[in-house]
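Student:
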Amino acid sequence: MVLQTMDLLGKQKYPRSVFFIVGNEFCERFSYYGMRTILSLYLVDILRYTEGDATLIYHAFTMLCYFFPLIGAIIADSYLGKFRTIFYLSIVYAAGNILVSSAASPLFGYDNQRGFSLLGLLLIAVGTGGIKPCVSAFGGDQFTLPQQAKQLAQFFSIFYFSINAGSLISTYITPILRHDVQCFGEDSCFPMAFGVPAILMVVALVLFLAAKKLYICKEPQGNVIVEVSKCISHAIVMNFKTKEKKEHWLDHAADKYDKTLISNTKAVLQVLFLFIPLPLFWALFDQQGSRWTFQATRMDGTLGWFTIKPDQMQVINPFLILAFIPLFDSVIYPNFAKCHLLVRP
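Per this note's numbering, the sequence shown starts with residue 6, numbered consecutively.
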């Protein structure tokens, strides 16, 4: 009887809501990467920043995009829940896109273009950063575990595919809109190049809301980042207060926090050592959108009948990712699993 029940549960239908989440993610990533691809050249060509200042602004914007996920996660887990956090911050996100697209028009006047563009970029950073930790987790909430564990794994593969599909298409298209279309008497058309990503962000918001009645929305249950931070700070304070020797300095938090949280915090701190080299990688990787794009403007991008635009060079990364996802899922991982390797996340 138990086996029959488990078999039926294992055959639960794939939740329809996740297709809207995947569509939302595709459009949002199209919007983000499409806008970011042409950002450096916009800062130099239209806003007339020096390449050095444009690089600084570009990387400050990127940094904020990856800082606000911490804030978004805390808001979602402790206060609003994932659905409302995604909804509210997507509105902020779309407003930022519309503002940047509008400010790119010479009708705004040069004196206003800089201010409104930077404000729009700040809104985009708040929006894209705030929803970043929520969307994939919200998609995971739509599945029943452990019965749908395989379907959940498939979802994350599809989700990751949609991210890079949006990135690939937008990274290829927006430089064309920037360079090959003329508008407002200019040789380029940044308003359209930013406008298409803005439209896609609005579409992303509409898609997300369209499945509101289908979603499983879990209530906020507290944020692990906050709890871990409190545990660490309490352990440090108690370590100085008591001067008592413990097996591990985090054990000083045992008077206030349970052993499971302390044990998990120890594990997290150990894993963090693996992340030490990563800032070096990302510091180089993100040069694609700034220094390396400026370098490409001084190079000949002609390959036979096709000319690669300076900001189109970034298309290589999502292209290779899309090529490798099916290879790993269909060939590499299954064959390693047969050898009892790479069987755990």
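A virtual CB, placed ideally from N, CA and C, is assigned to each residue, including glycine.
On the three-state DSSP scale, how would you describe Leu205?
Tutor: Helix at Leu205.
Student: Would Arg41 be called buried (16 or more neighbouring beta carbons within 10 Å of its own) or exposed?
Tutor: Flag for Arg41 reads buried.
Student: If Leu255 sits next to Thr270, beta carbons under 8 Å apart, how far is it from one beta carbon to the other, in whole angstroms?
Tutor: Correct: roughly 6 Å between the Cβ atoms.
Student: Using the Cα positions of Asn340 and Ile330, report the straight-line distance between them to the nearest angstrom.
Tutor: If I take the Cα positions, the gap works out to 15 Å.
Student: Could you have a look at Leu274 and say whether DSSP puts it in helix, strand or coil?
Tutor: Here Leu274 sits in helix by DSSP.
Student: For Leu94, which residues from the same chain have a beta carbon less than 6 Å from its beta carbon, with the 5 sequence-adjacent residues on both sides left out?
Tutor: Hits under 6 Å: Gly132, Gly135 and Ile136.
Student: Since Ala130 is in the alpha helix (DSSP H), which residue starts that stretch and which ends it?
Tutor: That run of the alpha helix (DSSP H) goes Tyr115 to Asp146.
Student: Cutting at 6 Å between CB atoms, please list the residues of its own chain near Ala209, excluding the five before and the five after it.
Tutor: Same-chain partners within the cutoff: Asn29, Cys32 and Glu33.
Student: If Val140 sits next to Gly125, beta carbons under 8 Å apart, how far is it from one beta carbon to the other, in whole angstroms?
Tutor: That pair is no contact at about 21 Å.
Student: Output the distance between the C-alpha atoms of Gln152 and Ile241, rounded to the nearest integer angstrom.
Tutor: Roughly 41 Å separates the two Cα atoms.
Student: Just the C-alpha distance for Leu346 and Val49, rounded to the nearest angstrom, thanks.
Tutor: Computed Cα separation, rounded: 49 Å.
Student: Could you please give me the residues that DSSP links to Phe311 through a beta bridge?
Tutor: According to DSSP, Phe311 bridges with Leu308.
Student: For Phe25 versus Ala198, is the C-beta distance shorter than 8 Å?
Tutor: Not in contact: Phe25 and Ala198 (Cβ atoms no closer than 8 Å).
Student: Can you tell me which of the three DSSP states Thr302 falls into?
Tutor: Correct three-state label for Thr302: coil.
Student: Report the rounded CA-to-CA distance for Gly114 versus Ile96, giving the unit in angstroms.
Tutor: Straight-line Cα distance between these residues: approximately 26 Å.
Student: State yes or no: is the C-beta of Gln353 within less than 8 Å of the C-beta of Ile51?
Tutor: This structure cannot speak to residue 353, because the chain is shown only from 6 to 350.
Student: The alpha helix (DSSP H) with Thr149 in it runs from where to where?
Tutor: Premise fails: Thr149 is in no alpha helix (DSSP H) and is neither H nor E.
Student: Would you decide whether Gly294 is buried or exposed? Buried here means 16 or more other CB atoms lie within 10 Å of its CB.
Tutor: By the 10 Å Cβ count, Gly294 comes out buried.
Student: On the three-state DSSP scale, how would you describe Ser110?
Tutor: In the structure shown, Ser110 sits in coil (DSSP, three-state: anything other than H, G, I, E or B).
Student: Apply the 10 Å Cβ neighbour rule to Ala154 and answer buried if 16 or more other Cβ atoms are within range, or exposed otherwise.
Tutor: Per the 10 Å Cβ criterion, exposed.
Student: Assuming Leu173 and Leu327 are in contact, meaning their beta carbons sit under 8 Å apart, how far apart are those beta carbons, in whole angstroms?
Tutor: Sure, about 6 Å apart at Cβ, within 8 Å.
Student: Rank Ile230, Leu212 and Ala109 by C-alpha distance to the C-alpha of Ile80 and give the top, closest one.
Tutor: Answer by Cα proximity: Ile230.
Student: How about Arg41: is its Cβ closer than 7 Å to a heavy atom in the ligand GTP?
Tutor: This structure does not include the ligand GTP; it has no bound ligands of any sort.
Student: So, using beta-carbon positions, are Gly306 and Ile178 closer together than 8 Å?
Tutor: No, they are not a contact pair.
Student: In chain order, which continuous runs of the beta strand (DSSP E) of length 3 or greater are located wholly inside the segment 40 to 82?
Tutor: Runs found: none.
Student: Measure the C-alpha to C-alpha separation of Gln275 and Ser238 and round it to an integer number of angstroms.
Tutor: Cα to Cα, Gln275 sits roughly 17 Å from Ser238.
Student: Helix, strand or coil for Asp192? Go by DSSP, reduced to three states.
Tutor: It is coil, neither helix nor strand.
Student: If Ile1 and Val27 are in contact, beta carbons under 8 Å, what's the gap, nearest whole angstrom?
Tutor: Residue 1 lies beyond the range of the chain shown here (6 to 350); nothing can be said about it.
Student: Assign Gln2 to one of three DSSP states: helix, strand, or coil.
Tutor: Residue 2 is absent from the model: the chain starts at 6 and stops at 350.
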